[in-house]
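The next block holds one structure in the form of structure tokens; read it before the comments.
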Amino acid sequence: RAKASGGKHYAFYAADLATRAEQHLRIENGLQRGLLRGEFVLHYQPQVDAASGRIVGVEALLRWQPEGEAMVSPADFVPLAEETGLIVPIGDWVLEAALRQQARFAKLTGGAPPRMSVNMSARQFRERDVAANVERLLRETGCEPSWLTLEITESVLMENPAAAAEAMARLAAMGIHLAVDDFGTGYSSLANLKRFPIHCLKIDRSFVSDIAGNDSIDDGDAAIVKAVIALAQSMKLEVIAEGVESAAQVDFLGAHGCHRMQGFYFSRPLTAELVEMLLKEQAQPTT
Ligand code: C2E
Ligand code: MG
Ligand code: MG
Ligand code: MG
Numbered sequence: 151r152a153k154a155s156g157g158k159h160y161a162f163y164a165a166d167l168a169t170r171a172e173q174h175l176r177i178e179n180g181l182q183r184g185l186l187r188g189e190f191v192l193h194y195q196p197q198v199d200a201a202s203g204r205i206v207g208v209e210a211l212l213r214w215q216p217e218g219e220a221m222v223s224p225a226d227f228v229p230l231a232e233e234t235g236l237i238v239p240i241g242d243w244v245l246e247a248a249l250r251q252q253a254r255f256a257k258l259t260g261g262a263p264p265r266m267s268v269n270m271s272a273r274q275f276r277e278r279d280v281a282a283n284v285e286r287l288l289r290e291t292g293c294e295p296s297w298l299t300l301e302i303t304e305s306v307l308m309e310n311p312a313a314a315a316e317a318m319a320r321l322a323a324m325g326i327h328l329a330v331d332d333f334g335t336g337y338s339s340l341a342n343l344k345r346f347p348i349h350c351l352k353i354d355r356s357f358v359s360d361i362a363g364n365d366s367i368d369d370g371d372a373a374i375v376k377a378v379i380a381l382a383q384s385m386k387l388e389v390i391a392e393g394v395e396s397a398a399q400v401d402f403l404g405a406h407g408c409h410r411m412q413g414f415y416f417s418r419p420l421t422a423e424l425v426e427m428l429l430k431e432q433a434q435p436t437t
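Here the sequence shown is numbered in full-length UniProt numbering, starting from 151 and rising by one per residue.
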């Protein structure tokens with residue numbers, strides 16, 4: 151009996167693997183086709199100075215709209231794109247599209263657009279000369295380096311740190327800012343913060359979501375958020391909280407010295423057209 155059920159279990163497992171493999175292949179082909187057909191689009195989520203309410207940055211977030219299907223969230227395809235290496239050509243597309251849009255935001259704001267944050271995968275640092283690529287794209291789109299922030303995860307700092315350090319030093323020397331995304335969820339050591347030319351820490355949404363606003367405030371997460379803000383301040387780094395959803399979270403973060411925030415409380419990721427409208431409004435002198 152045990153043997154029979156064991157065999158059955160194995161059969162299930164194998165079937166599962168086959169469907170998973172098929173599904174992966176289907177998505178991989180879909181992504182490749184999507185690149186050729188122009189099925190990717192960027193949405194932009196405002197980052198605000200909570201004290202003034204002004205939009206000080208926007209984060210470009212990738213969306214995939216396969217023909218005749220529902221919009222696909224990056225959480226559902228970026229990990230696979232990273233595994234297969236497709237994130238490299240997709241990332242090239244993202245950088246170029248974000249900088250083209252930034253040139254339009256710059257025009258609207260008289261040459262002072264909010265900083266554009268672009269998510270970079272570790273593979274882009276491994277397989278591309280990131281600094282040369284970015285430099286060329288800035289030139290082609292007419293963007294200033296100081297209009298761009300690259301968001302990296304702790305994995306970039308961990309894998310191949312020597313090469314990453316060199317690329318980051320070149321980017322920083324150009325005036326591009328580097329932000330560590332999802333800070334606190336990875337395994338990088340604090341020593342890395344000193345070793346790399348980092349400008350900004352992004353406090354991960356998972357810590358922010360439990361600091362306040364729920365009936366049960368998570369003391370552990372509140373302590374982590376306070377510690378990250380204090381760390382950033384003592385190292386003279388900017389700090390921004392992501393995933394801010396409630397007034398109570400805004401109050402908590404503000405009280406502890408984190409004034410830059412991003413989250414549904416302020417705005418969901420928006421189309422470029424909607425951000426353009428907000429920037430035009432923001433440019434109106436308030437009397
Ligand atoms: P991330 O870079 O940490 O981006 C923040 C994610 O949190 C976004 O999800 C955003 O829509 C979501 N978010 C923002 N505010 C709130 C909030 O108040 N509440 C909740 N529940 N969520 C909020 P999204 O757009 O689905 O992106 C997921 C992840 O996919 C990103 O996490 C990033 O790691 C990755 N990603 C997105 N675009 C790109 C890209 O162009 N290149 C690469 N390599 N990765 C990307
Ligand atoms: Mg990000
Ligand atoms: Mg993040
Ligand atoms: Mg995150």
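Note that beta-carbon positions come from the ideal geometry of N, C-alpha and C, so glycine has one too.
According to DSSP, is K430 helix, strand or coil? Taking the first residue of the sequence shown as 1, we reach residue 430 at position 280. DSSP, read as helix, strand or coil, puts K430 in helix.
Would you call R151 buried or exposed, if buried means 16 or more other Cβ atoms sit within 10 Å of its Cβ? For the purposes of this step, residue 151 is identified with residue 1 of the sequence shown, where counting begins at 1. Residue placement at R151 is poorly supported in this model, since its pLDDT is 43, which falls under 50; the coordinates are not used for a value here.
Determine the DSSP secondary structure at K376, reduced to helix, strand or coil. Within the sequence shown, residue 376 is the residue found at index 226, counting from 1. Look at K376 here: in three-state DSSP terms it is helix.
Among P239, L307 and V375, nearest to E277 - alpha-carbon criterion: Here residue 277 corresponds to residue number 127 of the sequence shown, with the count starting at 1. Selected option, being the one with the closest Cα: P239.
Whole-angstrom distance between I177 and T169, CA atom to CA atom: Translated into positions along the sequence shown, residue 169 becomes position 19. Translated into positions along the sequence shown, residue 177 becomes position 27. Approximately 12 Å, taken between the alpha carbons.
Please identify the residue among D226, E232, V330 and E304 whose C-alpha is closest to the C-alpha of W214. Taking the sequence shown and counting its residues from 1, one reaches residue 214 at position 64. Per the C-alpha coordinates, the member of D226, E232, V330 and E304 positioned closest to W214 is D226.
Rounded straight-line distance, which links the Cα of M266 to that of A247: Position 97 of the sequence shown, counted from the first residue, corresponds to residue 247. Position 116 of the sequence shown, counted from the first residue, corresponds to residue 266. Cα to Cα, A247 sits roughly 11 Å from M266.
Taking one C-beta from the segment 353-361 and one from the segment 380-400 each time, how about it: are there three or more such pairs within less than 8 Å? A contact exists between the segment 353-361 and the segment 380-400.
Let me check one thing: in DSSP terms, what residues is E301 bridge-paired to? Here the question's residue 301 lines up with position 151 in the sequence shown. In the DSSP output, where bridge partners are listed per residue, E301 has N269 and A329.
Comparing alpha-carbon positions, which option in D332, V191 and R345 lies nearest A314? Counting from one through the sequence shown, the residue named residue 314 turns up at place 164. Minimum Cα distance to A314 is reached at R345.
Please report how far the alpha carbon of L420 lies from the alpha carbon of Y194, in whole angstroms. Here residue 420 corresponds to residue number 270 of the sequence shown, with the count starting at 1. Here residue 194 corresponds to residue number 44 of the sequence shown, with the count starting at 1. L420 and Y194: Cα-Cα distance of roughly 5 Å.
Quick one: any contact between the segment 189-208 and the segment 406-425, if contact means 3 or more CB pairs under 8 Å? Contact holds between the segment 189-208 and the segment 406-425, because three or more Cβ pairs, one in each stretch, are under 8 Å apart.
With DSSP run on the structure shown, which of helix, strand or coil describes F416? On the sequence shown, residue 416 is found 266 positions in, with the first residue counted as 1. In the structure shown, the three-state DSSP call for F416 is coil.
Assigned secondary structure, R212 (DSSP; H/G/I helix, E/B strand, else coil): Here residue 212 refers to the residue found at position 62 of the sequence shown. Sequence check: residue 212 is Leu here, not Arg. Judged by DSSP in its simplified three-state form, L212 adopts strand.
Segment limits, alpha helix (DSSP H) that includes D401: To locate residue 401, count along the sequence shown from 1; it is residue 251. Secondary structure note for D401: its alpha helix (DSSP H) is the uninterrupted segment A397 to A405.
Check A154 in the structure and name its three-state DSSP category. In the sequence shown, counting from the first residue as 1, residue 154 sits at position 4. At A154, the pLDDT of 48 sits below 50, so the modelled position is not reliable and the matter cannot be decided from this model.
In terms of residue numbering, what span does the alpha helix (DSSP H) encompassing I390 cover? Within the sequence shown, numbered from 1, the residue matching residue 390 stands at position 240. I390: not part of any alpha helix (DSSP H); member of the beta strand (DSSP E) spanning E388 to A391, first to last residue.
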